[in-house]
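Asks: In order, the protein sequences belong to chains A and B. Under our numbering, the first residue of the first sequence is numbered 1, with each subsequent residue one higher. Under our numbering, the first residue of the second sequence is numbered 1001, with each subsequent residue one higher.
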Amino acid sequence: MSTSENYVLKMDNIVKEYSGNRVLKGVNLYIRPGEIHALMGENGAGKSTLMNILFGMPVIHNTGGFEGTVQVNGQEANIDTPLKAMELGIGMVHQEFMLIPGFTVTENIKVGRETTTSNLVSRIFGKSMETLDKKSMRKDAKTALKTIGLQIEDYVKVAGLPVGYMQFIEIARELDKTGIKILVFDEPTAVLTESEADRLLDAMRVIAAQGIAIVFITHRLDEVMAVADSMTVLRDGEFVARKEIKDTSAVEIAELMIGRKVEKLVDESTEPDTRQISEDNIAVSLRNYKVDMPGEQVRGIDLDIRRGEIFGIGGLAGQGKLGIPNGIQGLYKAEGEVKINGEPLDLEKLGDALNHKVAFVSEDRRGVGLLLEESIEENIIFSAMYTNGKFLKKIGWMHLYDGAAGKAHAEDMVKTLDIRCTGIRQAAGRLSGGNQQKVCLARALTLEPDVLFVSEPTRGIDIGAKKLVLEYLAKLNREQGVTVIIVSSELTELRSISDRIAIVSDGKLACILKPDASDADFGLAMSGAWKGGQES
Amino acid sequence: MKSMINKFGLPRIIIAGFFLLLVMGAAYFDMNMPQLMGDVLRRWGMFGILALAMVPAVQCGIGLNFGISMGIVGGLLGGIIVIQLNIAQNPALVAIHPLFAGWAAILTAILIGVVLAVGIGYLYGLLLNKVKGSEMTVTTYVGFSVIAFMNMVWMLLPFDNGELIWPNAGKGMRNTISLASSFSEVMSKTGEFSIGDFSVPTGMLLFFFFMCFLMWLFMRSRTGLAMSAAGANPMFAKAAGINVDKMRLVGTVLSTVLAAVGILVYAQGYGFMQLYNGPMMMGFTSVAAVLIGGATPKRALIVHVLVGTFLFQGIMTLGLPVVNQILPEGNLSEVMRMIISNGIIIYALTQTKGGDGRE
């Protein structure tokens, strides 16, 4: 990069640590005026942290600040509050709309920056008592709306407007700020329909043409190829590359995003694979399967998971992969046809999955997975006690909890899974993340399932425990023939253990890949470049 | 030391310390200690089951049930019907033993009370399932409302037994109904023994412990465990295939039923039944008792009931005479009851984290 080039924003060698954990390891971000610059990377690559630094968010400065330099318009800038960022002309269009529903479009655009005229009262009591200049406010709002081509009356209330409109009002608000130079779009198309997204991309081009630089955070490769001029790829907090779009291709970008060495967890050479997996023996069959899980919508998936395999379900956060097991388990409203070992599952009936010997380890350990205040013992035996009537003894007409049997089983599980605790009476909430995960796993195993859904098995646990959990899942699959379905955001993890991996994008199946498929294939599938669910 | 404090809980240590202080105070003023201690035991038995009503309510997830007056009015109705029917004066029963007639009366009253409480509790539970997240506020006002509603009903019920209605051919129920001719102290007197002035109401305590035992058994049953899980973590319960709303109904009904039983045990120990505004603050007394015992709005165990009721009623019993010695003027015991019960409720509420724990 030649120094002669004129950048509106230069972030150099940014390093950020959260309590010893390096989340940004020397990242650069250079943006020219009037260009649309795509910032790409998987979840957890460091995009949000980088943007938090740019906006001087308190979360950065409360945790020890950052290293590296930020230059705006060639001037070194010390951005330590969001207000400072605003003064420097940096704006953001949020993913969750920051609009006030009861206010009109104009009021939402001008809130906090109202144009006012002084009056008698304000002369005595100060500026906060000045009269609103509604006329000029409406004029400003109309200008901003016109810039982005939104046909809407400025006096309508925001409540009840379509999602796409709200996004545009947010943009209009940012544009209305005088002296805006850099505008950050944080996954703006995630909540939009296709036609709305197209209009948004048009609006971005218009804005950029006025000389405003745009940072475009997105997962969607097709959008990047369509609208961006240049892009930066981050991976695991590291700066991977900055490229001009005209010099690169979607395949190359996809490779850059994923590129990581995959280590096989199960060594095929020492343990020959004796499993009988065939396309005719289906454990879980989904047809037009939809789940209404907020933030993880499943919008119609057809999928066949073979009996006895380890099946991975991957995809970026919010694309719907988590909705799949949660819907089957009855935690969120689901519809469509689900068959377990050929038998139809009644999605309306709570607990029907358990009756079909389907167990589920939730991604939300503390929220769904555990009774935090109860003992490890109770957590392990609970589901089997309730569903299968295990650990109950009959006294008279009553079925009472059989403490001795429960204790013996819990102790056995603690030993098998190596759960580190002070004893089975310890409250589950006191354990570390990895041990909590093992307790969840122990409960699922106590159900003696045919099919085991494990959602984000290694989220928030340390590397040692991670390996142990994955190895145990593999062992369970090999030795007891349990069909294991792992839903995970960590592609490396899925590729290290699965027989096949389905990638879910936008609530639909993008494709099913072999774990040794190329990085580019995975990248393209995750970025929504493929639709339709072909199997490679 | 520190771990012991943690285990027992600071509030309990303070309250227990206060209780010991009162005991020492009573000894210092040369009061009749054996008699006072006997009174503590008696009040423990009287209030115990009302406090026990909190256990299923908290465990099923509706939180502290300030609205046990729902069950209390059921129990009171049972008591009134028994007096109206004059069961305790039935010559055939009295012929066996007067105490037996009394038992027949109170057990009939409990049976009628329980049947009514099941119905009331079911409706109450349906209401509580519609107001998830703000149960405690709702139970408080439901508790007050039912008292107001029953104030009208007590006036209108067509009972005509002289023990029940206002004297001189008045209409409507009396404020305070004497149980002398029905089941006054039947439980307390059964198996009662005294060492000097220290008397132990054996029958009542055994009945209280028996109810605790039944509750303990229920908590170890499949339904009981499922109910606790539904209360502790509704999402967890749902994932295990438990119908959370149904479990909340079970808990609410049980709590209401225990309240009905509890008020009758209370009334027989007291010797009177109080209608109208009498049971208004019973919910608060019971809530305070379990909280002192160590319960939280998310978790209440039987041991909390036993410890809490003993400490709370102990302070109430000893407090009045001791404080009157120190500050002879005025009725301080009522003031103290208000301070302790409301204070401990506020303390417990500040210790809980908002809503249903999912945010």
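Even glycine gets a Cβ: it sits at the ideal position worked out from N, Cα and C.
#1: Return the CA-CA distance between GLN1313 of chain B and GLU1185 of chain B, expressed in angstroms with no decimal places.
#2: Can you tell me which of the three DSSP states LEU1010 of chain B falls into?
#3: Hey, would you say ASN341 of chain A sits closer than 9 Å to VAL451 of chain A, going by beta carbons?
#4: According to DSSP, simplified to helix, strand and coil, what is GLN210 of chain A?
#5: Closer than 9 Å, CB to CB, is ALA353 of chain A near chain B or not?
#6: Can you name the start and end residues of the alpha helix (DSSP H) that ALA77 of chain A belongs to?
#7: Could you check what DSSP says for LEU350 of chain A in three-state terms: helix, strand or coil?
#8: Please go through the region 150-179 of chain A and give each complete alpha helix (DSSP H) segment of 4 or more residues, from N-terminal end onward.
#9: Closer than 7 Å by beta-carbon distance: list the chain A residues that pair up with ARG1299 of chain B, in chain order.
#10: Report the three-state DSSP secondary structure of GLU1359 of chain B (helix, strand or coil).
#11: Using only the alpha-carbon positions, how far apart do LEU392 of chain A and THR63 of chain A sit?
#12: Give the secondary structure of ALA1240 of chain B by DSSP, where H, G and I count as helix, E and B as strand, and everything else as coil.
#13: Where does the unbroken beta strand (DSSP E) through ILE538 of chain A begin, and where does it stop?
#14: Please confirm if ILE1339 of chain B has its CB atom under 9 Å from at least one CB of chain A.
#15: Name the chain A residues whose beta carbon is nearer than 8 Å to that of ASN1243 of chain B?
#16: As a quick exercise: from A:VAL504, A:GLU373, A:LEU470 and A:PRO82, pick the residue whose alpha carbon is nearest that of ALA1229 of chain B.
#17: Going by beta-carbon coordinates alone, are ALA520 of chain A and CYS511 of chain A separated by less than 9 Å?
#18: Given ASP1245 of chain B, which residues of its chain have a CB within under 7 Å of its CB, disregarding the five upstream and five downstream residues?
#19: Are the region 104-114 of chain A and the region 152-167 of chain A touching by the rule of at least three beta carbon pairs closer than 8 Å?
#20: Which ranges would you report for the alpha helix (DSSP H) in the region 52-114 of chain A if only whole runs of at least 4 residues count?
#21: Do we get a CB-CB distance below 9 Å when we pair LYS1238 of chain B with the residues of chain A?
#22: Would PHE1405 of chain B be called buried (16 or more neighbouring beta carbons within 10 Å of its own) or exposed?
#23: So with Cβ pairs under 9 Å, would you call HIS356 of chain A a contact of chain E?
#24: If you run the structure through DSSP and keep just helix, strand and coil, what is GLU490 of chain A?
#25: If we define contact as Cβ-Cβ less than 9 Å, is PHE360 of chain A a contact residue for chain B?
#26: What separation, rounded to the nearest whole angstrom, lies between the Cα atoms of ALA45 of chain A and GLU490 of chain A?
#27: Return the residue from the list A:GLY369, A:THR446 and A:GLU471 that minimises the CA-CA distance to GLN436 of chain A.
#28: Does the region 1265-1276 of chain B come close enough to the region 1051-1064 of chain B that 3 or more CB-CB pairs lie under 8 Å?
#29: Taking the continuous alpha helix (DSSP H) assigned at GLN1313 of chain B, which residues delimit it?
#30: Which residues bound the beta strand (DSSP E) around THR232 of chain A?
#31: Is the region 173-192 of chain A touching the region 135-144 of chain A in the sense that three or more CB pairs, one from each, lie closer than 8 Å?
#32: Drop a sphere of 10 angstroms on the beta-carbon of PHE1008 of chain B, count the other beta-carbons inside from all chains shown, and report buried for 16 or more, exposed for fewer.
#33: From which residue to which residue does the alpha helix (DSSP H) around VAL8 of chain A run?
#34: Any beta-carbon of chain A closer than 9 Å to the one on ARG1248 of chain B?
#35: Check for me: the beta strand (DSSP E) holding CYS440 of chain A runs from which residue to which?
#36: Would you kindly check if the distance between the Cβ of ARG1299 of chain B and the Cβ of LEU400 of chain A is under 9 Å?
Replies: Here's the rundown:
#1: The residue you call residue 1313 of chain B lines up with position 313 of the second sequence. The residue you call residue 1185 of chain B lines up with position 185 of the second sequence. Straight-line Cα distance between these residues: approximately 18 Å.
#2: Here residue 1010 of chain B refers to the residue found at position 10 when the second sequence is read from its first residue. Reduced to three states, the DSSP call for LEU1010 of chain B is helix.
#3: Position 341 of the first sequence, counting from 1, holds the residue named residue 341 of chain A. Position 451 of the first sequence, counting from 1, holds the residue named residue 451 of chain A. Cβ distance < 9 Å, so ASN341 of chain A and VAL451 of chain A count as in contact.
#4: In the first sequence, the residue the question calls residue 210 of chain A occupies position 210. GLN210 of chain A falls in the coil class under three-state DSSP.
#5: Sequence index remark: in the first sequence, residue 353 of chain A carries index 353 (1-based). Interface residue, yes.
#6: Taking the first residue of the first sequence as 1, we reach residue 77 of chain A at position 77. That residue, ALA77 of chain A, is in no alpha helix (DSSP H); it is neither H nor E in DSSP.
#7: Looking up residue 350 of chain A in the first sequence gives position 350. Residue state, collapsed to three classes: coil.
#8: 163-176
#9: Here residue 1299 of chain B refers to the residue found at position 299 of the second sequence. Chain A residues near ARG1299 of chain B: GLU373.
#10: Locating residue 1359 of chain B in the second sequence gives position 359, where the first residue counts as 1. Because the pLDDT at GLU1359 of chain B is just 29, under 50, the model does not fix this residue reliably, and the point stays unresolved.
#11: To locate residue 392 of chain A, count along the first sequence from 1; it is residue 392. To locate residue 63 of chain A, count along the first sequence from 1; it is residue 63. For LEU392 of chain A and THR63 of chain A, the distance between alpha carbons rounds to 50 Å.
#12: On the second sequence, position 240 is the one that residue 1240 of chain B refers to. ALA1240 of chain B falls in the coil class under three-state DSSP.
#13: Nothing about residue 538 of chain A can be read from this structure; chain A reaches only from 1 to 536.
#14: Start at 1 with the first residue of the second sequence, and residue 1339 of chain B comes out as number 339. Not closer than 9 Å to any Cβ of chain A, the Cβ of ILE1339 of chain B fails to qualify, so no.
#15: Looking up residue 1243 of chain B in the second sequence gives position 243. What ASN1243 of chain B touches in chain A: LEU350.
#16: For this step, residue 1229 of chain B is matched to residue 229 along the second sequence. Closest by alpha carbon: A:GLU373.
#17: One-based indexing of the first sequence puts residue 520 of chain A at position 520. One-based indexing of the first sequence puts residue 511 of chain A at position 511. In this structure, CYS511 of chain A does not lie closer than 9 Å to ALA520 of chain A by Cβ.
#18: To locate residue 1245 of chain B, count along the second sequence from 1; it is residue 245. Cβ within range, chain order: ASN1129.
#19: yes
#20: 58-61, 82-87 and 105-110
#21: The residue you call residue 1238 of chain B lines up with position 238 of the second sequence. Output row for LYS1238 of chain B: interface = yes.
#22: As shown, chain B starts at 1001 and ends at 1359. That puts residue 1405 of chain B outside it, with no answer to give.
#23: Among the protein chains of the structure shown, namely A and B, there is no chain E.
#24: In the first sequence, the residue the question calls residue 490 of chain A occupies position 490. Reduced to three states, the DSSP call for GLU490 of chain A is coil.
#25: Taking the first residue of the first sequence as 1, we reach residue 360 of chain A at position 360. Yes, contact with chain B.
#26: For this step, residue 45 of chain A is matched to residue 45 along the first sequence. For this step, residue 490 of chain A is matched to residue 490 along the first sequence. Computed Cα separation, rounded: 11 Å.
#27: Reading the first sequence from its first residue, position 436 is the one you call residue 436 of chain A. Selected option, being the one with the closest Cα: A:GLY369.
#28: no
#29: Taking the second sequence and counting its residues from 1, one reaches residue 1313 of chain B at position 313. Residues 1302-1326.
#30: Along the first sequence, one-based indexing puts residue 232 of chain A at 232. Segment 230-235, the beta strand (DSSP E) holding THR232 of chain A.
#31: yes
#32: Sequence index remark: in the second sequence, residue 1008 of chain B carries index 8 (1-based). Exposed, because fewer than 16 other Cβ atoms sit within 10 Å of the Cβ of PHE1008 of chain B.
#33: Looking up residue 8 of chain A in the first sequence gives position 8. Where VAL8 of chain A is concerned, there is no enclosing alpha helix (DSSP H), given that its DSSP letter is neither H nor E.
#34: Residue numbering aside, residue 1248 of chain B sits at position 248 when the second sequence is read from its first letter. No - not a single Cβ of chain A is within 9 Å of the one on ARG1248 of chain B.
#35: Translated into positions along the first sequence, residue 440 of chain A becomes position 440. No beta strand (DSSP E) contains CYS440 of chain A, which is instead part of the alpha helix (DSSP H) from 433-446.
#36: In the first sequence, residue 400 of chain A corresponds to position 400, counting from 1. In the second sequence, residue 1299 of chain B corresponds to position 299, counting from 1. No, these two residues do not count as a Cβ contact at 9 Å.
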